[in-house]
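> Residue numbers (my numbering): 1152 to 1308.
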């Protein structure tokens, strides 16, 4: 066990694996047996460097974290007024957009609620079958594709 005493920097620089509480270097063997055989090593788990090879992932990282906001050197009173007008217009636009989305969702929910009430009046077994959860879902979460990815050309100055 004394031969396995290494400093932290050496362990980080070299490739090593954990087996049964001891450190085993690639290509080395141990004298301890953990029931599955001596010298058995596990493959290392995939690290974040593999994910970084995906160009979409890199682009998302650059958009979210690596783009510093430019500082404006000087703004005249007219520039400040224009900027405030643009910000106010954008806030109004987003508020109207969000209100439209909320109104659409409320209308859909009220329509669904009315349909369930009508189905309850018509036939209770049909309502119970409509509310029963499907045992084999057809819409798997693994099949969902993210659609809000950044464009190929982020910004042209």
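All C-beta atoms, glycine included, are put in the ideal place defined by N, C-alpha and C.
Could you check what DSSP says for residue 1267 in three-state terms: helix, strand or coil?
Taking the first residue of the chain shown as 1, we reach residue 1267 at position 116. In this structure, residue 1267 counts as helix in the three-state DSSP scheme.
> Nearest to residue 1280 by CA position, among 1287, 1270 and 1241, is which residue?
Working through the chain shown from its first residue, we reach residue 1280 at position 129. Out of 1287, 1270 and 1241, the CA that lies nearest to the CA of residue 1280 is found in 1270.
> Between the alpha carbons of residue 1254 and residue 1211, how many angstroms are there, rounded?
If you number the chain shown from 1, residue 1254 lands on position 103. If you number the chain shown from 1, residue 1211 lands on position 60. Approximately 31 Å between the Cα atoms of the pair.
> Does DSSP classify residue 1286 as helix, strand or coil?
As a position in the chain shown, residue 1286 is number 135, starting the count at 1. Note: residue 1286 maps to coil in three-state DSSP.
> Output the boundary residues of the alpha helix (DSSP H) element that contains residue 1221.
Counting from one through the chain shown, the residue named residue 1221 turns up at place 70. Judged by DSSP secondary structure, residue 1221 falls outside any alpha helix (DSSP H); it is assigned neither H nor E.
> Going by DSSP in three states, residue 1237 sits in which element: helix, strand or coil?
The residue labelled residue 1237 in the question sits at position 86 within the chain shown. If DSSP states are grouped into helix, strand and coil, residue 1237 belongs with the helices.
> Considering only their Cβ atoms, is the gap separating residue 1275 from residue 1267 smaller than 8 Å?
Within the chain shown, residue 1267 is the residue found at index 116, counting from 1. Within the chain shown, residue 1275 is the residue found at index 124, counting from 1. Their beta carbons are not under 8 Å apart, which means residue 1267 does not touch residue 1275 by this criterion.
> From the DSSP output, in three-state form, read off residue 1231 for me.
Within the chain shown, the letter at position 80 stands for residue 1231. Looking at residue 1231 - three-state DSSP - the assignment turns out to be helix.
> Are the Cβ atoms of residue 1238 and residue 1305 separated by less than 8 Å?
For the purposes of this step, residue 1238 is taken as residue 87 along the chain shown, with counting starting at 1. For the purposes of this step, residue 1305 is taken as residue 154 along the chain shown, with counting starting at 1. Not closer than 8 Å, so no.
> Given this structure, state the Cα-to-Cα distance separating residue 1225 from residue 1236, to the nearest angstrom.
Stepping through the chain shown from its first residue, residue 1225 is reached at position 74. Stepping through the chain shown from its first residue, residue 1236 is reached at position 85. Whole-angstrom Cα-Cα distance: 18 Å.
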